[in-house]
Amino acid sequence: MDMRLGRSNQMSSNDPSKTEIRPWGSFTILDESEDYKVKTIEVLPGKRLSYQRHFRRTEHWYVVRGTAKVTLNGVETLVGVGEVVDIPVETAHRVENPH
3 MDMRLGRSNQ MSSNDPSKTE IRPWGSFTIL DESEDYKVKT IEVLPGKRLS
53 YQRHFRRTEH WYVVRGTAKV TLNGVETLVG VGEVVDIPVE TAHRVENPH
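Counting the sequence shown from 1 gives a position; the numbering used here is that position plus 2.
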């Protein structure tokens, strides 16, 4: 499963030095400024990110490959390619790769 987070219309070239490997997969920062950050997240099969909330920012997820299992305030939903998830401030959320 591969997702884009942030504003997809302001991306720059992919810089491998901005890629970080995590136990659940990896993410690459594509573009950022004081007002936004755009990154791709690849979640390995059967892995998930931590259940979290942010008090000062929203998130905008766009699935570009595979299927994402998204949890928002305890409610799970499957999200497919081309679908979008908007996460308001203070909303508990998590994404996982169910495959």
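Where is the CB? At the ideal position from N, CA and C, for every residue including glycine.
Since the model is a prediction, treat every value here as computed from it, not as a measurement.
Delimiting residues of the beta strand (DSSP E) encompassing residue i
i, result
"E34", "G27 to E34"
"Y64", "E61 to R67"
Residues of its chain near residue i, where Cβ-Cβ distance is below 7 Å and the 5 sequence neighbours each way are ignored
i, result
"S14", "Here S14 scores only 45 on pLDDT, less than 50, and its place in the model should not be relied on; the value that follows carries that caveat. So the list reads L32 and D33, once near-sequence residues are dropped."
"P90", "T60"
Residues sharing a beta bridge with residue i, DSSP
i, result
"K39", "E34"
"R96", "T73"
"V45", "G27"
"H101", "Answer is none; H101 lacks a bridge partner."
Proximity of residue i and residue j at Cβ, strictly below 7 Å
i, j, result
"T30", "K39", "no"
"D88", "H62", "yes"
Residues near residue i in its chain [Cβ-Cβ closer than 8 Å; skip 5 each side]
i, result
"R96", "R50, L51, S52, Y53, Q54, V72 and T73"
"E78", "K71 and V72"
"T93", "R55, L74 and N75"
"P25", "K49"
Sequence-distant residues of the same chain with beta carbon closer than 6 Å to residue i, five excluded per side
i, result
"V86", "Y64"
"S35", "none"
"G98", "Reading the sequence as shown, one finds Glu at residue 98 and not Gly. Within the same chain, E98 has close Cβ partners R50 and K71."
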